[in-house]
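Visitor: When the sequence shown is numbered by the numbering used here, its final residue is 528 and no position is left out of the sequence of numbers. Beta carbons are placed, not taken as given, at the ideal position from N, Cα and C, and that holds for glycine. Structure in structure tokens, see below.
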Amino acid sequence: MSRRWIQNSNRCADEYLDGIEDFIEFARRHNPGATRIRCPYHASSSNATRIDNVEPIVDPNDQVMDIIQDAFPFASTNINHEREDDVPTPIDSAGFEQYEKLLKNANQELYPGCESFSVLTAIVELMHGKIKYRMSNLCFDYFLGVFKRMLATDNCLPKDHKHAQKVLNGLGLGYEKIHACKNNCMLF
């Protein structure tokens, strides 16, 4: 069993994640019935880890795909799912086109060779930061422009807040602008 994957500094790389899964499977195969797996790092302070402490690998792209499938249940990829009334659900072409766009953004790399972010996951992460840290749209546009210039020239990052919001509206994550007083009066 090759341990080259341990040296990979990119913890989101497929090679690293596959190496972890292979190691856990290897450890289970060679010690059936055990409740602990020995740590492969010799200088580790704990010699073993309980098997039930091992968590499954969470891929942000899988989470985005789950959101898309929740937003568009008619386009579920589960072919083996059988219902008693196998009546096909009517699909409007506008909804299907929207689904196709989201699927494309969820599967498209942010730039060629980028394995850690798809276009959709990048937009979701950046918009999360915008909301969490209360950035104005102008501030967000500035930083989005800077990030776009930092990335490879053929990147697919949206150029501004308006374009990023269009992508998220397809997921049903839009927002409604409410007029408020310039003196910060609350509206009821």
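Can you tell me whether Gly-510 is buried or exposed, with buried defined as 16 or more other CB within 10 angstroms of its CB?
Guide: Locating residue 510 in the sequence shown gives position 170, counting from the first residue. Classification for Gly-510: buried.
Visitor: Following the continuous alpha helix (DSSP H) through Glu-355, name the residue where it begins and the one where it ends.
Guide: Within the sequence shown, residue 355 is the residue found at index 15, counting from 1. Start and end: 354-370.
Visitor: Just reading off the alpha helix (DSSP H) that Glu-465 is part of, what are its end residues?
Guide: The residue you call residue 465 lines up with position 125 of the sequence shown. 459-472 is the extent of the alpha helix (DSSP H) around Glu-465.
Visitor: Would a C-beta distance cut-off of 8 angstroms place Lys-337 and Leu-497 closer than the cut-off?
Guide: Nothing can be reported for residue 337, as the shown portion of the chain is limited to 341 through 528.
Visitor: Checking the sheet assignment: what are the DSSP bridge partners for Glu-449?
Guide: Here residue 449 refers to the residue found at position 109 of the sequence shown. DSSP, once it has assigned bridges, lists Ser-458 as partnering Glu-449.
Visitor: Taking the beta carbon of Gly-469 as the centre, do at least 16 other beta carbons fall within 10 Å, making it buried, or is it exposed?
Guide: Position 129 of the sequence shown, counting from 1, holds the residue named residue 469. Counting Cβ neighbours within 10 Å, Gly-469 comes out exposed, since fewer than 16 surround it.
Visitor: Measure the C-alpha to C-alpha separation of Asp-354 and Ser-456 and round it to an integer number of angstroms.
Guide: In the sequence shown, residue 354 corresponds to position 14, counting from 1. In the sequence shown, residue 456 corresponds to position 116, counting from 1. Those two C-alpha atoms are separated by around 9 angstroms.
Visitor: Could you tell me which of Lys-499, Arg-474 and Cys-454 sits nearest to Asp-482, measuring between CA atoms?
Guide: Your numbering for residue 482 matches position 142 in the sequence shown. First, the amino acid is wrong: residue 482 is Tyr here, not Asp. The residue with the shortest Cα to Cα distance from Tyr-482 is Lys-499.
Visitor: Report, in whole angstroms, the separation of the C-beta atoms of His-501 and Leu-484, which I expect to be a contact under 8 angstroms.
Guide: As a first step, residue 501 must be located in the sequence shown, where it is residue number 161. As a first step, residue 484 must be located in the sequence shown, where it is residue number 144. Contact flag correct, Cβ pair sits at about 7 angstroms.
Visitor: What residue does the alpha helix (DSSP H) around Leu-513 start on, and which one ends it?
Guide: Along the sequence shown, one-based indexing puts residue 513 at 173. Here Leu-513 belongs to no alpha helix (DSSP H), and DSSP marks it neither H nor E.
Visitor: Report the option in Leu-508, Arg-344 and Ser-458 whose CA atom is closest to the CA atom of Gly-359.
Guide: Counted from its first residue, the sequence shown places residue 359 at position 19. Cα-wise, what sits closest to Gly-359 is Arg-344.
Visitor: Name the two residues that bound the continuous alpha helix (DSSP H) containing Asn-477.
Guide: Here residue 477 corresponds to residue number 137 of the sequence shown, with the count starting at 1. Taken as a continuous stretch (DSSP letters only), the alpha helix (DSSP H) holding Asn-477 covers 477-490.
Visitor: Run the CB neighbour count on Phe-436, radius 10 Å, all protein chains shown included, and call it buried at 16 or more, exposed below.
Guide: Mapped onto the sequence shown, residue 436 falls at position 96. Phe-436 should be labelled exposed.
Visitor: How close, in whole Å, do the beta carbons of Tyr-451 and Asn-495 come, if the pair is a contact with beta carbons under 8 angstroms?
Guide: Numbered from 1 along the sequence shown, position 111 holds the residue referred to as residue 451. Numbered from 1 along the sequence shown, position 155 holds the residue referred to as residue 495. Between Asn-495 and Tyr-451 the Cβ distance is about 4 angstroms, and since that is below 8 angstroms, they are a contact.
Visitor: Go through its chain and collect everything with a Cβ distance to Asn-418's Cβ below 7 angstroms, but skip five positions before and after it.
Guide: Taking the sequence shown and counting its residues from 1, the one referred to as residue 418 is at position 78. With a pLDDT of 45 at Asn-418, under the threshold of 50, the modelled position of this residue cannot be trusted; read the value that follows with caution. For Asn-418, where only same-chain residues beyond five positions count, there are no Cβ hits under 7 angstroms.
Visitor: With a threshold of 6 angstroms on Cβ separation, who are the neighbours of Ile-463 within its own chain once the five nearest residues in sequence on each side are excluded?
Guide: In the sequence shown, the residue the question calls residue 463 occupies position 123. The answer, listed in chain order, is Ala-504 and Val-507.
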